Amino acid sequence: MGAGQQETDDYGRLGHKIAAAINLYQLTGKAAYNSVVDAQYRNTHLFEYWNYVSPFEAALQQALMHHASLPGATPATAAAVRAAYVSGMDGTDHWSAMSARTDPYLAHFRSVKSICRIWAGSAPAIR
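Take 0 as the starting number for the sequence shown in numbering that gives the first Met the number 0 and just add one per residue.
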């Protein structure tokens, strides 16, 4: 296998754990799964990076938003997830970039330099 999601890191495993807990909570209604989400949601990049809505973490962020809509989800957790997501989407990279038409293709590209740094890993910035 040369591409795909066959391998992940600790953060990726955390995201899968949270998403699994959300799905299991929805299916079973067991408080133990809701507790996993309550204990771990602040360890996601959405919270660690100050309301960062990442184009590379759509599945995890969608799972968190889904959890916020579930009956019985902890109200404080649901409110925090909604607020962080809305704040992140209101930032310069998302809704305001689309409404200002900063990219003619309406694609999520902050800048060529930042995208190149993402794909290059720890390589020095392109000049």
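Built from N, CA and C at the ideal position, the CB exists for glycine as well.
Being a predicted model, the structure only gives us computed values, none of them experimental.
Segment limits, alpha helix (DSSP H) that includes residue i
i     : result
ASN22 : 9–27
GLU6  : Where GLU6 is concerned, there is no enclosing alpha helix (DSSP H), given that its DSSP letter is neither H nor E.
ASP37 : 30–39
PRO74 : 74–88
ALA99 : Run containing ALA99: none; DSSP gives neither H nor E here.
SER68 : 57–68
Assigned secondary structure, residue i (DSSP; H/G/I helix, E/B strand, else coil)
i     : result
LEU45 : helix
Residue i versus residue j - alpha carbon distance
i     : j      : result
LYS29 : MET88  : 31 Å
ALA75 : GLN5   : 34 Å
ALA77 : LEU23  : 17 Å
TYR40 : ARG100 : 32 Å
Same chain only: Cβ atoms within 7 Å of residue i, ignoring 5 sequence neighbours per side
i     : result
ALA62 : ILE17, ALA18, ILE21
GLU47 : none
HIS44 : TYR51, SER53, GLU56
ALA67 : ALA77, VAL80, ARG81
THR73 : ASN33, ASP37
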